[in-house]
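Trainee:
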Amino acid sequence: MNPHALTRRLLAAAAALLMSAGALAVAAPGAAAQEEDKDTLLIATNQEVDTFNPFKRRFVITYETSMMTYETLVRIGADYEPEPGLATEWEESEDGLTWTFTIRDGATWSDGEPLTAEDVAYTYGLLIENQAIHDWNIDFAGNLVSAEATDETTFVLTLAEPSPWDVLTREVYIVPEHVWSTYADPSADDANQLPLVGSGPFQVTEYETDEFIRLEANESYWEGAPGFDEVVYDYYTETDAAVAALEAGEVDIVGNGMGGLNPAQTEALASQDHVTVNDVEGRRYVSLTLNYNSVTQDGTEFGDGHPALKDPVVRQALHMALDKQALVDTVLDGSGTPAVGIIPAIFEQYHWDGGDQLVEFDIDGANALLDEAGYVRGDDGVRTMPGTGERLSFRFYQHADNTAYATIAQFATEWWAEIGIEVVPEAIEQSALNDLAYLGEFDIAFSGWGVGPNPTEQLGMHTCAVLPTLTDGTERSSENNYCNPEFDALHEQQKVESDPDARAELVKQQQALMYADTPVIYLYYQNVMEAYNHDRITGMTTQPSEGGMVTGQQGFTWSYYTAQPAGATEESGVPVWVWIAVGAAVVVVVAGGIWFAMRRKSTADERE
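Going letter by letter, the sequence shown gives residues 874 to 1481 in the numbering used here.
Next comes the structure, spelled out in structure tokens:
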């Protein structure tokens, strides 16, 4: 029986009583209808769907639904190490250019059709031959030469250059050829029609904008059916409302889908007997993007960014006048660490700590930089550009639904005023803010991404190769239009470097270079702060498996797949996965001995 009996109207009325110190709770505008005889796992979200096309997903919500609906050849394990997915084994040629995968025998699509190596070849073929899909995934697709199914269970991938890290960890979601070959344009945002057909443990079957996303269990999943009959992402306009819903038993999990919890919310939830609160090291950074280089690949400028941001002195002064430790202490209540580069400390092999380049909070030093560069203060205290006299007044955009960003904006506004820079904070709805960012119509804007164990994809979003070719904001492969040939050269080297330590050093050099250029100011690495109803859910596998996160997982939704309704009896049956050890031994042949272990901190763990 479905235990969620409290109506939305009652929840909205109760929210004011449940929330602490005057917090305003706004209930979700709609909720998915649930069948009484189904076990439904309800997850709170506030993020709109950008696309159900797995080749183009960027947002957290569609990253998660892609992971649940589709599978990769090699998946990322609960402890961030590669393990068999649709491929049971693989072999790399001596020159590193040819990879042969054995496709899992007996796997099927959710519509009952067999899954074969032909589907895999078709999927990789789209990356090679479909220009739009190729360009969207250029950092990986640009190295692919051919994709061939030599029989129903053997797939052969040929590369232009060796790239073992990308081959084993790049999340290429295998799609069914018998479905996708009927699409007129597989690259279109709306190409993929519901209900989706995939091979993963859950399938997206229903979606109502700003109301819910429903995924039904794939009963024929090769590793065994999930414990829940369906997963429903329920929309809430504010995190406080989602917290109230969790307290009232109207939602089961609140975490990454709402952008995480804040310390006050976790404190309130910790007092609830039916709620478990999780505060663990994450894989996500929060940053400020500076609009200094809105330009296409042919050099055409677009957007309306403030010209002063083109000056690295101004960008460095902005960086120097931010007290990141104060932000961690006040905004996160200590649940995080100040950020330096793009790779969070949880991936210590690739994390760069700043060394002697580390920028310390120094208002006097920032003022000195601007003084020496000729930015003089006007009568109102705001500096002006040398030559033009244009005031250093910047638009500062933040996500309207993120209270932490609003607090950061208040701090930054005060600090920057001390160095003669005026900013005008403005809260903008997420979709509109994204549109403005890709059109180059902003000065400073918040951003944030979850980083995976292979840094190539994240670093690749800052290369010249992904600069847009159009000025209409539709091409969104570049995070901030950063382009530095030296950075690109390091990027190409690290992709093909087989020695783990040498590769890590190249990745750190990339981060150091971007840190000096300051196209982005990394503020902090945020802990995952999440909560769930343990009276409703049991058995969730975290990532990492010891002391890790429930929401915002990478490579596979371990938590939602392994979750079972609390109190389920043995008579209800035990899914196959209970009997399969996650770390089952698999024969994996890697020519030349090239293999690697993604190392992590022993403490704990969170894509946007």
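Beta carbons: idealized from backbone N, C-alpha and C, even for Gly.
1) Which of the three DSSP states is assigned to N1357 in this structure?
2) Considering just the uninterrupted stretch of the beta strand (DSSP E) at N1406, what are its terminal residues?
3) Which value, in whole angstroms, describes the spacing of the CA atoms of N1354 and S1418?
4) Please state the DSSP three-state secondary structure of S1320.
5) Can you grab the Cα-Cα spacing for the pair G1122 / A1033, in whole Å?
6) Terminal residues of the continuous beta strand (DSSP E) containing D1024?
7) Within its chain, find whatever has a CB closer than 6 Å to the CB of A1496; leave out the 5 residues flanking it on each side and keep chain order.
8) Between the stretch 1155-1169 and the stretch 1392-1409, can you find at least three pairs of beta-carbon atoms closer than 8 Å?
9) For a minimum of 4 consecutive residues, which ranges assigned as the alpha helix (DSSP H) are wholly contained in the stretch 1073-1155?
10) Going by alpha carbons, who is nearest to G1323 out of F932, L988, V947 and V1124?
11) Leaving out the 5 sequence neighbours to the left and right, which residues in its chain are closer than 6 Å to P1341 when beta-carbon positions are compared?
12) List the residues that DSSP assigns as beta-bridge partners of M1422.
13) For F1028 and A994, what's the separation of their Cα atoms in angstroms?
14) By Cβ distance below 6 Å, which residues in the same chain neighbour S1320 in space, the five residues on each side in sequence not counted?
15) Here's a check: name, in chain order, each residue in its chain whose Cβ is nearer than 7 Å to the Cβ of T1078, leaving out the five neighbours to either side.
16) Quick check on G1293: does DSSP put it in helix, strand or coil?
17) Whole angstroms is fine: what's the gap from Y943's alpha carbon to Q1230's?
18) Looking only at its own chain, which residues have a Cβ that is under 6 Å from the Cβ of Q1138, when we skip the five neighbours before and after it?
19) Hey, how far is the Cα of M892 from the Cα of E956?
20) For D992 versus V1048, is the C-beta spacing smaller than 9 Å?
21) Enumerate in chain order the residues of its own chain whose CB-to-CB distance from F1175 is below 6 Å, with the five nearest sequence positions on each side excluded.
22) Under three-state DSSP, which class holds V1232?
23) Taking 8 Å as the cut-off, is the CB of W1225 close to at least one heavy atom of the ligand MG?
24) In terms of residues, what are the limits of the beta strand (DSSP E) holding I934?
25) Secondary structure at W828, three-state DSSP: helix, strand or coil?
26) Whole-angstrom Cβ separation of I1001 and L1017, contact assumed at under 8 Å?
Mentor: Taking the coordinates as given:
1) Taking the sequence shown and counting its residues from 1, the one referred to as residue 1357 is at position 484. Coil, per DSSP.
2) Here residue 1406 is taken as the residue at index 533 of the sequence shown, counted from 1. Segment V1393 to N1406, the beta strand (DSSP E) holding N1406.
3) Translated into positions along the sequence shown, residue 1354 becomes position 481. Translated into positions along the sequence shown, residue 1418 becomes position 545. Distance between the alpha carbons of N1354 and S1418: 36 Å.
4) Counted from its first residue, the sequence shown places residue 1320 at position 447. Residue state, collapsed to three classes: strand.
5) For the purposes of this step, residue 1122 is taken as the residue at position 249 of the sequence shown. For the purposes of this step, residue 1033 is taken as the residue at position 160 of the sequence shown. Each residue's Cα considered, the two are about 53 Å apart.
6) Translated into the one-based positions of the sequence shown, residue 1024 becomes position 151. Residues L1017 to D1024.
7) The structure shown has nothing for residue 1496, since the chain only spans 874 to 1481.
8) yes
9) 1112-1121 and 1136-1143
10) As a first step, residue 1323 is located in the sequence shown; it is residue number 450 there, counting from the start. The shortest C-alpha separation from G1323 is found at F932.
11) Counting from 1 along the sequence shown, the entry for residue 1341 is found at position 468. T1169 and E1348.
12) Indexing the sequence shown from 1 puts residue 1422 at position 549. M1422 is bridged to Q1416.
13) Reading the sequence shown from its first residue, position 155 is the one you call residue 1028. Reading the sequence shown from its first residue, position 121 is the one you call residue 994. Each residue's Cα considered, the two are about 7 Å apart.
14) Translated into positions along the sequence shown, residue 1320 becomes position 447. Excluding positions up to five away in sequence, the list reads S1160 and T1162.
15) Position 205 of the sequence shown, counted from the start, is the residue given in the question as residue 1078. L1067, P1068, R1087, L1088 and E1089.
16) Taking the first residue of the sequence shown as position 1, residue 1293 is located at position 420. If DSSP states are grouped into helix, strand and coil, G1293 belongs with coil.
17) What you label residue 943 is simply residue 70 of the sequence shown in a count that begins at 1. What you label residue 1230 is simply residue 357 of the sequence shown in a count that begins at 1. In a straight line, the C-alpha of Y943 is about 42 Å away from that of Q1230.
18) What you label residue 1138 is simply residue 265 of the sequence shown in a count that begins at 1. Only V1116 meet the Cβ criterion.
19) Within the sequence shown, numbered from 1, the residue matching residue 892 stands at position 19. Within the sequence shown, numbered from 1, the residue matching residue 956 stands at position 83. Annotation note: pLDDT 40 at M892 (below 50); position unreliable, no value reported.
20) The residue you call residue 992 lines up with position 119 of the sequence shown. The residue you call residue 1048 lines up with position 175 of the sequence shown. In this structure, V1048 lies closer than 9 Å to D992 by Cβ.
21) Position 302 of the sequence shown, counted from the first residue, corresponds to residue 1175. Around F1175: S1167, G1313 and T1344.
22) On the sequence shown, residue 1232 is found 359 positions in, with the first residue counted as 1. Three-state DSSP puts V1232 in coil, outside helix and strand.
23) Inclusion of the ligand MG in the displayed structure is not the case, the ligand content being empty and no account of it being possible.
24) Numbered from 1 along the sequence shown, position 61 holds the residue referred to as residue 934. Annotation: I934 is outside any beta strand (DSSP E); the continuous alpha helix (DSSP H) that includes it extends over V933 to T942.
25) Residue coverage of the chain in this structure runs from 874 to 1481, which leaves residue 828 outside it and unanswerable.
26) Here residue 1001 refers to the residue found at position 128 when the sequence shown is read from its first residue. Here residue 1017 refers to the residue found at position 144 when the sequence shown is read from its first residue. Indeed, because the Cβ distance is near 5 Å, the residues count as touching under 8 Å.
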